[in-house]
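Residue numbers (numbering that gives the first Met the number 0), protein chains in the order written: chain A, 0 to 225; chain B, 0 to 225; chain C, 0 to 225; chain D, 0 to 225; chain E, 0 to 225; chain F, 0 to 225.
What follows is a set of notes on a single structure, which appears directly below.
Protein chains: 6
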Amino acid sequence: MVVSQVQDIGEDALLQVLRDRLYVPVVSDILDAMGYLDQAMSADLRPLEPQMRVIGRAHTALTADIYERLEEPYRLEIEAIDALKPGDVMVACTNGSQRTCFWGELLSTAATARGATGCIIDGHTRDALRIVEMGFPLFCTGFRPVDSSYRSTVVDYNVPVMVGGVLVHPGDIIFGDFDGIVSIPKALLPEVVERALAKVESEDQSRDMLREGALLRDVYDRFGVL
Amino acid sequence: MVVSQVQDIGEDALLQVLRDRLYVPVVSDILDAMGYLDQAMSADLRPLEPQMRVIGRAHTALTADIYERLEEPYRLEIEAIDALKPGDVMVACTNGSQRTCFWGELLSTAATARGATGCIIDGHTRDALRIVEMGFPLFCTGFRPVDSSYRSTVVDYNVPVMVGGVLVHPGDIIFGDFDGIVSIPKALLPEVVERALAKVESEDQSRDMLREGALLRDVYDRFGVL
Amino acid sequence: MVVSQVQDIGEDALLQVLRDRLYVPVVSDILDAMGYLDQAMSADLRPLEPQMRVIGRAHTALTADIYERLEEPYRLEIEAIDALKPGDVMVACTNGSQRTCFWGELLSTAATARGATGCIIDGHTRDALRIVEMGFPLFCTGFRPVDSSYRSTVVDYNVPVMVGGVLVHPGDIIFGDFDGIVSIPKALLPEVVERALAKVESEDQSRDMLREGALLRDVYDRFGVL
Amino acid sequence: MVVSQVQDIGEDALLQVLRDRLYVPVVSDILDAMGYLDQAMSADLRPLEPQMRVIGRAHTALTADIYERLEEPYRLEIEAIDALKPGDVMVACTNGSQRTCFWGELLSTAATARGATGCIIDGHTRDALRIVEMGFPLFCTGFRPVDSSYRSTVVDYNVPVMVGGVLVHPGDIIFGDFDGIVSIPKALLPEVVERALAKVESEDQSRDMLREGALLRDVYDRFGVL
Amino acid sequence: MVVSQVQDIGEDALLQVLRDRLYVPVVSDILDAMGYLDQAMSADLRPLEPQMRVIGRAHTALTADIYERLEEPYRLEIEAIDALKPGDVMVACTNGSQRTCFWGELLSTAATARGATGCIIDGHTRDALRIVEMGFPLFCTGFRPVDSSYRSTVVDYNVPVMVGGVLVHPGDIIFGDFDGIVSIPKALLPEVVERALAKVESEDQSRDMLREGALLRDVYDRFGVL
Amino acid sequence: MVVSQVQDIGEDALLQVLRDRLYVPVVSDILDAMGYLDQAMSADLRPLEPQMRVIGRAHTALTADIYERLEEPYRLEIEAIDALKPGDVMVACTNGSQRTCFWGELLSTAATARGATGCIIDGHTRDALRIVEMGFPLFCTGFRPVDSSYRSTVVDYNVPVMVGGVLVHPGDIIFGDFDGIVSIPKALLPEVVERALAKVESEDQSRDMLREGALLRDVYDRFGVL
């Protein structure tokens with residue numbers, strides 16, 4: 000694909016470019032350069048496995064810790080999952096809860112069946128090894144074997160949430176790999192992709208020069224990237 | 000084994016059922032359902048390796064940070080290790096110490112020789128790769144290369160301890176895997192195992208339906224598990 | 000090599016003994032015994048991979064979080080990298096910054112070209128999987144995809160720094176493996192190596208006796224190590 | 000009042016005994032002795048002023064951090080306040096939110112008008128000096144000048160909540176002073192008051208002996224309190 | 000003063016209106032309503048005394064923790080203080096340092112001599128009681144008796160800084176009282192003051208109705224403020 | 000007293016000079032200048048009241064959190080208190096426990112009777128207002144109404160302890176006021192006092208010049224203190 004074409008292609012095709020030709024740090028650099036400095040989530044959100052990557056549209060949910068089991072403990076959670084559309088990434092804000100566990104194998108199975116391409120939680124999961132076996136991209140802050148129903152409930156979904164310090168709106172583009180996760184405001188995607196593709200080239204040239212033993216001073220003066 | 004038989008078998012056989020047919024989240028769910036909501040340890044206790052599991056009876060030790068080397072630095076620690084019995088899991092409470100390191104290869108070797116089946120620490124270990132080679136199940140909060148003798152001492156053993164937010168009594172049943180660790184009060188083990196075996200079946204059926212594309216709403220209405 | 004010879008060999012040869020015959024915990028024990036109790040870094044600095052080890056002379060850098068991009072954002076950082084000499088380990092103090100990211104693939108490439116043998120950061124890296132592929136030894140506290148230029152700047156290098164709770168002077172010997180990282184004051188290296196080699200032998204004998212089933216009480220009384 | 004009479008008097012009279020003759024530590028000791036070890040809130044909940052004390056029945060509210068202003072931002076909060084009854088203490092669980100601010104002068108005024116005797120929050124207040132002027136007993140974790148409507152919402156009230164590490168049920172008796180806050184399960188109040196009155200006497204006698212210069216060993220052996 | 004006049008008066012007069020007729024929470028509410036949701040500093044910045052208030056233009060400084068005393072330890076710090084102008088508030092970002100202490104009596108004296116009206120630090124002070132005696136408005140996170148010269152240095156001043164989670168630019172308007180501190184972007188000051196004066200009236204009317212016993216539901220429906 | 004005489008007077012007289020003519024920051028500066036950079040405790044240890052000061056010889060105790068009441072819950076604690084001598088300051092290390100409460104009115108009374116001049120705890124107290132009434136100097140990290148006997152026990156006393164990040168040996172000189180607490184190694188006291196008295200003079204002269212409007216640059220160039 001020629002770089003200049005990215006403005007003309009649709010969102011699905013742009014997501015495919017993210018997947019095939021880009022990596023999270025270069026996208027983060029472009030967001031910085033465009034003045035969007037708060038788009039990279041904090042370092043405590045990690046993928047289940049080094050090679051896991053997540054790419055898709057944010058479908059959000061917000062939970063609150065509670066202290067008794069509700070009569071219909073999973074009502075909005077079930078709604079939120081069943082509302083997932085192909086290409087969506089579930090982005091769940093637990094406000095950093097250390098006591099509950101939002102996700103597990105059955106939810107991964109249900110989300111996969113709806114076409115979701117991954118899940119981001121500022122909280123815990125369980126059934127982690129089975130989710131790895133499924134190949135379902137999951138980024139979370141850790142593991143707890145507990146059920147959510149005695150400990151938290153979904154209070155809303157399809158609303159803005161704060162995850163890993165980033166304000167995510169429904170429909171924003173989620174891009175995560177081993178280096179972290181960025182949320183790309185929907186309207187910026189074409190420009191972000193175009194500029195990121197260009198920066199990849201400069202980085203490749205810098206790397207080559209450095210491998211050959213050039214001083215960083217000279218390489219940076221020439222390519223202006225680090 | 001038929002589920003209804005679990006009430007009639009001994010503790011060792013029940014531990015074998017935990018090992019062969021159950022996993023930690025389903026046991027946690029049953030403890031919740033029985034009203035025991037504080038039996039799952041916090042997410043910062045992690046196994047050395049993804050496949051590590053620990054099953055056995057809690058043999059506890061309690062340490063305190065100190066600020067000079069004692070004359071007999073390891074007196075109670077040695078006693079605590081030498082008192083381990085086959086099937087025991089060492090459960091060590093350092094009150095979350097960030098400076099000391101409670102465990103290492105020699106203690107793993109000694110514990111294995113006594114028949115211990117693993118170790119849980121709310122603190123650090125060292126010699127971690129050698130312990131992995133030994134296949135000794137160890138769950139801890141991290142790694143420090145230091146010796147304990149200048150930094151902490153065992154002040155008591157065979158006493159109640161708090162590890163990962165869970166009050167563990169000597170003899171309680173420890174069950175840990177990649178998703179976390181639960182402590183099962185000794186007297187509850189038969190009922191926990193029986194009910195957990197039943198729940199596994201419901202989960203299997205739910206998973207099958209979800210894989211076939213059913214909505215979560217319908218699956219939950221039918222099986223009542225998530 | 001005979002143990003008694005270590006006093007007569009040069010620093011590079013001693014580093015080779017660290018690499019070939021020693022491990023971090025035994026060196027930490029010797030530093031303790033010599034009265035140096037604050038030489039082991041905190042548990043949040045981890046290697047990118049279990050088998051990664053780092054050995055070399057500390058070359059330090061100190062960064063500060065900032066809140067606007069400077070005109071010459073990387074001036075001292077480039078100087079610090081280009082000043083690396085063969086056998087150096089970059090030791091970067093970010094004062095524990097959670098927002099910036101000090102290191103990445105291009106810096107790893109540049110450092111390798113200068114002969115550096117690794118990097119220790121009390122902060123984040125990016126491009127982690129590529130650094131793993133390069134086999135460059137990197138110990139850090141986590142991962143963030145962001146560029147440093149909007150978030151921090153190198154304010155000095157070749158100065159004392161505090162990393163993981165350890166005061167590191169330029170030229171101190173850095174020794175890290177999966178169990179953690181120690182900084183060995185330069186002048187102590189010969190004695191540390193000599194005494195560590197001796198302790199390895201005692202540990203080997205203790206391990207053998209424990210494997211054969213001896214009580215820890217008897218083993219410790221005989222060898223005095225744990 | 001004679002101690003043995005406390006069993007025969009009503010809850011309001013018992014609250015009056017708390018107010019007139021008891022203090023929080025002695026009540027905490029009795030709860031400990033009765034086996035209720037988790038009734039004292041954590042040290043980060045502080046009264047606005049040293050002399051502030053709070054006594055009453057828990058009327059609970061639970062909030063969740065949110066990330067956009069709702070259409071009816073205060074709906075359940077207003078309901079919760081308007082439902083306060085004379086002698087109630089508002090007990091608000093924000094799950095330890097650091098960003099919102101649950102309370103202020105207008106809510107203090109409204110609560111006072113309904114007969115509430117104070118408020119406990121595991122979060123922030125504003126208008127603190129005016130609340131001090133009103134003499135309204137308020138215990139909280141700090142101060143933020145912000146409005147809650149952009150930052151949190153009441154998701155339920157009249158439900159069990161966890162505040163300062165204590166599970167509080169509606170109707171439990173809240174007793175707080177400069178030393179901290181205990182929640183007394185409703186049914187225990189008569190026994191707690193009776194035993195606390197007795198312990199006050201032993202403490203008075205111990206204090207007298209200590210003032211006269213007796214050794215702690217002798218005083219403790221005689222009165223058994225510390 | 001009539002509210003509609005505030006647009007026509009200068010910045011100094013507007014600061015006087017803040018001082019005489021407004022309080023921090025009402026200004027925070029107006030900033031929220033104007034879409035500026037991140038202008039209130041975190042709750043750990045506290046005034047030395049309950050009645051202390053700070054009003055003025057931000058004059059910023061940025062420090063970094065260091066680990067050896069510099070040859071000219073106070074060079075930029077002295078420059079930063081000597082550059083203070085009448086009506087300035089020193090706003091010092093230590094990046095939350097727990098080890099250094101940025102401020103003290105001599106700096107307060109020097110700042111007062113330059114006409115500064117206060118100081119905000121996301122770190123420690125010393126000589127606190129003497130600063131209270133001077134009546135110099137100081138907001139900080141705590142107290143440490145140490146000198147900065149062995150522990151930190153000013154790396155820049157008159158630059159954007161992040162203090163208590165708020166990005167402050169030189170010249171922004173700082174307004175702090177017992178409820179917290181807001182930073183008002185310079186250009187917004189006239190509108191903020193005008194709208195805040197109007198909101199004060201609504202709050203006064205709400206308070207009156209609530210004192211007379213009205214339900215919060217009715218008061219909010221009428222005045223729309225809480 | 001003439002400064003040059005301090006070397007010839009006894010420890011009690013030096014303590015009196017601390018009390019009458021010095022303050023904690025100036026002593027901290029001298030310890031820094033003598034190369035003792037880790038003698039000032041962390042900012043979370045606070046006096047019960049602004050005017051409280053503590054001066055005396057460290058008498059240490061070390062506690063460990065426990066999880067059942069011991070048969071003799073206060074054995075070593077009573078011993079530790081009864082062993083206090085006139086001029087001693089109790090320095091209690093709880094390893095930062097958040098759950099227990101080490102101190103209270105009866106212990107303050109007993110300590111006062113033995114001649115102790117204060118208490119420093121890296122943990123909680125109770126009966127705080129009564130201790131204020133007694134005028135007993137107490138520095139602690141907060142308040143909890145609970146008894147220690149179910150939560151911690153003294154495991155040793157008269158041993159080195161770490162309090163607020165400072166290693167304190169029995170007999171070290173404790174000096175605390177509103178700005179914080181320093182521990183002065185016993186042997187350094189004469190030199191510390193002598194040099195501190197000299198520095199007080201320079202600070203007084205600097206303050207005078209600054210009050211008269213001099214630039215900090217000129218004052219520092221002349222007196223060399225800040």
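We put the beta carbon where it would ideally sit given N, CA and C, even for glycine.
query, result
"Contact check, T105(A) vs L225(B), beta carbons under 9 Å", "The amino acid at residue 105(A) is misidentified as Thr; the sequence shows Leu. Yes, Cβ-Cβ distance for L105(A) and L225(B) is below 9 Å."
"Reduced DSSP secondary structure (H/G/I, E/B, other) of P46(D)", "strand"
"Beta strand (DSSP E) runs wholly inside the segment 104-178 of chain E, at least 3 long, in chain order", "117-120, 137-139, 151-156, 160-162, 165-167 and 172-176"
"Cβ separation of V154(A) and L215(A), assumed to be a contact under 8 Å, to the nearest whole Å", "With a Cβ gap of about 50 Å, V154(A) and L215(A) do not count as contacting."
"Reduced DSSP secondary structure (H/G/I, E/B, other) of S96(D)", "coil"
"Range covered by the beta strand (DSSP E) that runs through L61(D)", "V53 to D64"
"Chain-ordered neighbours of M161(A) on chain D, where CB pairs are closer than 7 Å", "Y66"
"The segment 138-149 of chain F: positions lying closer than 7 Å to chain D by Cβ", "G141, F142, R143, P144, V145, D146 and Y149"
"From Q15(C), D11(C), E10(C) and R20(C), residue whose alpha carbon lies closest to that of A195(C)", "R20(C)"
"Cβ distance (whole Å) where D126(A) is taken to contact T93(A) below 8 Å", "So it is not a contact: roughly 17 Å between Cβ atoms."
"Whole-angstrom C-beta distance between P136(F) and P46(F), which should lie under 8 Å", "7 Å"
"C-beta contact flag for A39(B) and V145(A) at 9 Å", "yes"
"The segment 177-186 of chain A / the segment 60-67 of chain B touching (three or more Cβ pairs under 8 Å)", "no"
"Sheet register partners of D87(B) (DSSP bridge)", "R56(B)"
"Proximity to S41(D) [Cα-Cα], best of V88(F), Q97(F) and D43(F)", "Q97(F)"
"I180(F) (DSSP reduced to helix, strand or coil)", "strand"
"Buried/exposed call for D11(B), threshold 16 Cβ in 10 Å", "exposed"
"D126(B) at chain C interface by Cβ criterion, 9 Å", "yes"
"Contacts around R18(F), its chain only, beta-carbon distance under 6 Å, and the 5 residues preceding and following it disregarded", "I54"
"Nearest-angstrom Cα separation, counted from D37(A) out to I119(D)", "34 Å"
"P266(B): first and last residue of the uninterrupted alpha helix (DSSP H) it sits in", "Shown here, chain B extends from 0 to 225; a query on residue 266(B) therefore has no answer."
"Enclosing alpha helix (DSSP H) for A197(A) [first to last residue]", "L188 to R210"
"Closest Cα partner of R129(F) within the set V218(D), T111(D), Y149(D) and Q50(D)", "Q50(D)"
"Spatial neighbours of T140(E) in its chain, beta-carbon cut-off 8 Å, leaving aside the 5 residues before and after", "D43, L44, R45, G95, I120, D121, G122 and H123"
"Whole-number beta carbon distance between A109(B) and L209(C), since they are thought to touch under 8 Å", "5 Å"
"Chain A residues whose Cβ lies nearer than 8 Å to that of G103(C)", "P24 and L225"
"Under 9 Å between C-beta atoms of G117(B) and M89(B)", "yes"
"Whether A112(E) touches G212(F) by CB criterion (9 Å)", "yes"
"Nonlocal neighbours in the same chain, by C-beta distance under 7 Å from S147(C), ignoring five residues either side", "T99, C100 and F101"
"Cutoff 9 Å: Y73(E) Cβ touching any chain F Cβ", "yes"
"For A248(C): DSSP bridge partner residues", "In the structure as shown, chain C begins at 0 and stops at 225. Residue 248(C) is therefore absent and cannot be evaluated."
"Nearest neighbour of D87(D), chosen from E193(D), G114(D), I180(D) and Y219(D) [CA to CA]", "G114(D)"
"CB contact check: T116(F) to chain B, cutoff 9 Å", "no"
"R221(E) at chain D interface by Cβ criterion, 9 Å", "no"
"6 Å Cβ shell around P85(D) - same chain, five flanking residues per side excluded", "G114"
"I80(F) Cβ short of 8 Å to the ligand ZN heavy atom set", "You won't find the ligand ZN in this model; it holds no ligand whatsoever."
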